[in-house]
Structures are given as structure tokens and as C-alpha cells.
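S.K.:
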Amino acid sequence: MSGQVSYETEVKAGAAKVWELYGTTKMALLAKEALPDAIIGLDILEGQGAVGTIIKITLAGGFSYKEKFTKVDHKNRVKETEAIEGGFLDMGLSLYRSRFEVIGKDKEESCMIKSTIEYKIANEATFDISLVSVKLYADIAEVVKKQLTTSAGAN
């Protein structure tokens with residue numbers, strides 16, 4: 110069985126500006142700083158934000174996993190990561206992929222952030238799909254939105 114969940118939000122900032130965060134490791138670092146109760150550890154193990162970058166993330170409660178950047182498309186502003194160790198993979202998923210899209214609109218004065226999680230349950234595994242949630246990505250998008258609109262107002 111497979112499925113997906115997504116979250117979209119509009120940001121009053123140009124897509125290029127938003128992609129400066131989402132297209133790199135800056136988004137993860139900003140999220141760790143802004144959401145210390147949710148993300149208690151974040152280590153960049155390999156790479157600097159390009160395809161092949163590996164990050165270890167530890168969430169509240171000790172839930173940790175490693176993810177690898179599998180797609181970083183600067184032209185279309187799409188980044189995908191896949192869990193490669195721990196976390197939901199240890200709980201019965203064979204695929205846990207996150208996709209982040211920054212979609213420009215309104216002559217670059219605003220854009221949409223779309224965060225999607227795709228998952229696949231391993232053969233014969235039992236897994237509670239209610240555990241798959243985009244809440245953390247929604248919280249991150251809101252942090253990015255606040256950061257960019259606050260810094261835009263200060264300029």
C-alpha cells in the first residue's frame with residue numbers, strides 16, 4: 110500500500126527568495142533553530158545541499174532517521190529527499206520521500222510552498238498510516254514565511 114499527504118501555503122515573497130532556503134540545507138538549519146521543541150538534533154553528515162547530501166534528523170521523543178537529497182532541481186524549484194535509515198523505515202515503510210516545491214506566482218511577489226510526503230508500506234508489514242503527517246513541514250513552512258516576511262518588512 111502507498112499514499113501521500115501534502116501541505117500548501119502562500120508566502121508573500123518571491124519564489125527565488127524562498128528557494129534560497131528550500132533549495133539548500135538552510136531550511137533544515139532554520140527549522141532546527143526555530144522549532145527546538147520538535148527538532149532536537151540535525152547533523153549534516155555528507156554534502157552541502159546538492160544531490161547526495163545526507164542529513165541525520167532527531168525529533169522530540171528520540172525519533173531519528175537519516176535522509177538523502179535525491180533531487181535538487183533549481184530551475185523548477187523542486188527538492189526531494191528520501192529516508193535511507195531509521196525512523197519510519199524501521200517501523201515498516203519501504204519508502205518515505207519528501208518533496209518540496211516552490212511555485213512562483215504574481216510576478217514574483219508571492220509564491221506557494223508545497224510539501225508532500227510519499228510513502229509505501231513494505232510487503233506484509235503493518236504500519237499505522239496516521240503516523241505519516243506533514244505537520245512538521247507545515248510548521249517549517251510557517252517559520253520560513255515568518256522569516257521572509259519579517260526580513261522583507263525590515264528592508
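Just remember that this note's numbering sits 109 ahead of the position in the sequence shown, which is counted from 1.
The C-beta atom is built at its ideal place from N, Cα and C for all residues, glycine as well.
With a threshold of 16 other CB atoms inside 10 Å of the CB of Ser-224, please say whether the residue is buried or exposed.
M.R.: It counts as buried.
S.K.: If you draw a straight line from the alpha carbon of Tyr-205 to that of Glu-189, how long is it in whole angstroms?
M.R.: Using only the alpha carbons, I get a separation of about 10 Å.
S.K.: Note down, in chain order, each residue of its chain lying with its Cβ closer than 8 Å to the Cβ of Leu-138, except the 5 sequence neighbours on either side.
M.R.: These residues qualify, in order along the chain: Leu-151.
S.K.: Check Thr-258 in the structure and name its three-state DSSP category.
M.R.: Reduced to three states, the DSSP call for Thr-258 is helix.
S.K.: Please report how far the alpha carbon of Ile-226 lies from the alpha carbon of Lys-255, in whole angstroms.
M.R.: Going from the Cα of Ile-226 to the Cα of Lys-255 covers about 23 Å.
S.K.: Leaving aside the five residues before and after Met-221 along the sequence, list all residues of the same chain whose C-beta is less than 6 Å from its C-beta, in chain order.
M.R.: The residues are Glu-117, Glu-119 and Ile-212.
S.K.: Under three-state DSSP, which class holds Ala-263?
M.R.: Note on Ala-263: pLDDT 44, under 50, position unreliable in the model; no value is reported.
S.K.: Between the alpha carbons of Val-252 and Thr-134, how many angstroms are there, rounded?
M.R.: If I take the Cα positions, the gap works out to 15 Å.
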